[in-house]
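Going by our numbering, the sequence shown opens with residue 847, and the numbers climb by one from there. Backbone N, C-alpha and C fix where the C-beta goes; we use that ideal spot for every residue, glycine too.
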Amino acid sequence: MKYSRIFQILFFLLIVSKVESYAQGKGKVEFDNNTHNFGTVNEEDGKIDHDFIFKNTGSEPVTIKHVKASCGCTTPAWTKEPVMPGETGFIKAQYNPANRPGTFKKSLTVTTDGDPSSMVVYISGRVLSKNRTPKEEFPRVTGGIRYSNDKIDLGRVFSKDTVSRSFKLYNETDEPIKLSSKVSHPKHISVSADTNVIAPKSSANINLVYIAAQKKDFGAVDDMIEFKTDQEGEKKLGFLIKANIAEYFPPLNEEEKALAPVLALEKTEVDLGDVKAGSNTKTEVEIKNTGKQDLQIRKVKSNADNLNLKLDKDTVKEENSSRLKIQYKAPDKPGANNAVVHIYSNAPSSPVQTILIKANVVEK
């Protein structure tokens, strides 16, 4: 009887241990890319779709519970069965361009039972109408040249990628317009036109080749390219080239993963509390390498211009750390003010990490 009672207690503790172990482990959803640009599509070609591929990098199965589109023209489908650790699943986004000419950007909110519990993926592009006038197809104008947009968004680009993109310039005048052979552009972007003379009521293709490795930067980056024409007043055409550069890591086996550097933040949120408008506040965050190889901090940058960031060292040995010094200048306007710091490193498991800086700005 005594042994039976002991057995029951041990069995109960084993079950509790299993339950607690399962509760602590979670599936983790990581997308290869959370944005997709279809480019220019024709309305008459019908529905278009794209599969967002994700991987479960957690320790437990993960299930996509629901996907909600931002509009009825986007029809989602997704992997319905649980995705095992190390396996992949998909979120399918389908867009119907019928009767929807022009640019579009739509979102799908993904709800999971893992980590994170909610995330968003985006599709975008431009739909050409069956019968569009040049003014409709090329709504922007400089001098006699029309174009669809002065911003070219390449989306997410890996550091190893070379990306090609093209767009059109339309001559709405009754005279030929000559493009200068000298185009202002950064070294990592090459620019060419299929013709330097755009005939009246005709268009020319402008071709871009973007070499991410030569940019030597990470995160959201902007560049300008500029054309000159022979029109009176030397009209200039400027285009903003946008990209989000992520470091590429080749697939690693388990042994390589175990030896890789790991970036561990002392904290991912810093609450400065009440700060006076216009004042400066200093704080620090420790960045530790808990991996087996040297951690290289590629870059630290912020989405706000009121942060001054200084890293005491960008190479961190095993079990050593670096300190990120942050100086926050409070804006003049009182109220809640947040900023995000992005840290880019060679840690393959989490190459980009963020720190949220929070403050409540009060009057002087």
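Could you pull the start and end residues of the alpha helix (DSSP H) that residue i belongs to?
i	result
E1209	Element bounds for E1209: n/a, residue is neither H nor E.
L1105	E1100 to L1105
A1058	A1058 to K1061
E1115	Careful: E1115 lies outside any alpha helix (DSSP H), inside the beta strand (DSSP E) at E1115 to K1122.
What first and last residue would you give for the beta strand (DSSP E) that runs through residue i?
i	result
P922	T920 to W924
K981	It is not in any beta strand (DSSP E) - K981 instead sits in the alpha helix (DSSP H) that spans P980 to E983.
A1110	L1109 to L1111
T1129	N1126 to N1135
M965	S964 to L974
D1068	G1065 to K1074
G1004	Residue 1004 is actually Phe in this sequence, not Gly. Looking at the DSSP string, the run of the beta strand (DSSP E) that includes F1004 is K997 to F1004.
F936	T934 to Y941
K1145	L1141 to S1148
V1186	G1181 to S1191
R986	R986 to T988
V887	T881 to N888
Q1173	S1167 to K1175
N902	I894 to N902
H912	I910 to A915
R1011	T1008 to N1017
G960	Run containing G960: none; DSSP gives neither H nor E here.
N945	Run containing N945: none; DSSP gives neither H nor E here.
Y1094	Note, Y1094: premise wrong, no beta strand (DSSP E); not H, not E.
L1155	L1153 to L1157
For residue i, does the count of other Cβ atoms within 10 angstroms reach 16, so buried, or fall short, so exposed?
i	result
A869	Residue placement at A869 cannot be trusted, given a pLDDT of 39 that sits under 50; what the coordinates show is reported in the next sentence. Counting Cβ neighbours within 10 Å, A869 comes out exposed, since fewer than 16 surround it.
A939	buried
K1113	exposed
S1038	exposed
E983	buried
S867	Caution applies to S867, whose pLDDT of 41 falls short of 50 and renders its modelled position unreliable; the value that the coordinates give is listed next. Classification for S867: exposed.
E1209	exposed
R986	exposed
S963	exposed
S994	buried
T920	buried
N1149	exposed
S1244	With the chain covering only 847 through 1210, there is no way to say anything about residue 1244.
L1202	exposed
E906	buried
N1154	exposed
Taking 8 Å as the cut-off, decide whether the C-beta atoms of residue i and residue j are in contact.
i	j	result
R1144	Y1094	no
S1049	L1015	yes
N1135	V1162	yes
G1181	T1075	no
V1207	A1176	yes
G904	G873	yes
G1124	E1164	no
Q1173	D1160	no
L1054	S1005	no
I894	F936	no
K1171	L1118	no
K901	T934	yes
H1031	K1061	no
A1106	A1045	no
G971	F877	no
T1019	Y1056	no
V1121	A1089	no
K976	E1102	no
Which whole-angstrom value describes the C-beta separation of residue i and residue j, a residue pair presumed to lie in contact below a C-beta threshold of 8 Å?
i	j	result
L974	N888	5 Å
D959	T909	5 Å
I1091	D1069	At roughly 11 Å, the Cβ-Cβ gap does not stay under 8 Å, so I1091 and D1069 are not in contact.
K1147	G1065	6 Å
S1195	V1108	6 Å
K1047	N1017	7 Å
K952	Y941	7 Å
L954	P928	L954 to P928, Cβ: 20 Å. No contact.
Is residue i near the ligand GTP - that is, is its Cβ less than 7 Å away from at least one heavy atom of it?
i	result
P1022	With respect to the ligand GTP, the structure offers nothing, as it holds no ligand at all.
Is there contact between the stretch 1085–1093 and the stretch 1062–1074, where contact requires at least three CB pairs shorter than 8 Å? yes
Taking three-plus beta-carbon pairs below 8 Å as touching, is the stretch 962–972 in contact with the stretch 1015–1028? no
Given 8 Å, three or more beta-carbon pairs between the stretch 995–1007 and the stretch 910–928: no
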